[in-house]
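Numbering (my numbering), first residue to last: 5 to 189. Take a look at the structure below.
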């Protein structure tokens with residue numbers, strides 16, 4: 005009773021965990037997420053970045069109660085998957101606004117995310133993507149080979165020209181109604 009009366013800490017490990025968790029909540033409040041950088045140190049000189057990284061790597065070693073508390077504040081267990089999902093959501097929005105997934109390589113979202121570069125990386129590194137990710141992108145009508153897509157589009161335009169004109173002698177400056185430079189192609 006005397007020890008309790010003076011605030012004696014019975015479990016130093018739990019006390020330290022609760023202190024770090026409080027710092028995580030403060031970080032969340034200030035930054036809007038739990039994506040704490042690896043080298044992040046709090047104002048009180050606590051290595052919150054290391055603590056967060058350890059928890060991500062040691063998921064199975066953490067008690068269900070502590071995992072539940074982390075989940076309750078939106079703890080991001082896999083920042084790479086989180087980033088992928090965020091970019092996928094941005095691609096869905098781009099598709100809704102533009103009607104295709106042909107994002108220009110230098111395109112940035114309103115929140116300055118480099119969506120165009122991400123899309124280019126998805127195309128370039130398709131073999132590194134999981135079947136689930138490829139399937140998700142395919143549901144959006146994702147164009148994996150832009151050159152092939154563009155060629156097919158021009159070929160269809162040429163077929164239409166031939167149907168209308170009876171030949172494939174397209175004048176050099178001819179443009180289709182939707183602005184394709186068929187003559188140049």
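Ideal placement from N, C-alpha and C gives every residue a C-beta, glycine not left out. Just so it is clear, the structure is predicted and the values come from calculations on it, not from any experiment.
Which of helix, strand or coil DSSP assigns to residue i
| i | result |
| --- | --- |
| residue 142 | helix |
| residue 183 | coil |
| residue 63 | helix |
| residue 40 | coil |
| residue 165 | helix |
| residue 87 | helix |
| residue 81 | coil |
| residue 103 | coil |
| residue 147 | coil |
| residue 153 | helix |
| residue 12 | coil |
| residue 5 | coil |
Whole-angstrom distance between residue j and residue i, CA atom to CA atom
| i | j | result |
| --- | --- | --- |
| residue 108 | residue 123 | 9 Å |
| residue 9 | residue 126 | 60 Å |
| residue 30 | residue 180 | 58 Å |
| residue 62 | residue 103 | 42 Å |
| residue 97 | residue 138 | 18 Å |
| residue 25 | residue 82 | 18 Å |
| residue 150 | residue 27 | 46 Å |
| residue 184 | residue 175 | 13 Å |
| residue 86 | residue 39 | 9 Å |
| residue 187 | residue 161 | 10 Å |
Neighbour-count burial assignment, residue i, 16 or more Cβ in a 10 Å radius
| i | result |
| --- | --- |
| residue 59 | buried |
| residue 55 | buried |
| residue 159 | exposed |
| residue 141 | buried |
| residue 119 | buried |
| residue 173 | exposed |
Practice task
Check whether the stretch 72-86 touches the stretch 112-120, counting contact only when three or more Cβ pairs, one atom from each stretch, lie closer than 8 Å.
Solution key: no
Problem - the stretch 60-68 contacting the stretch 35-47, beta-carbon criterion three pairs below 8 Å - result: No, the stretch 60-68 is not in contact with the stretch 35-47.
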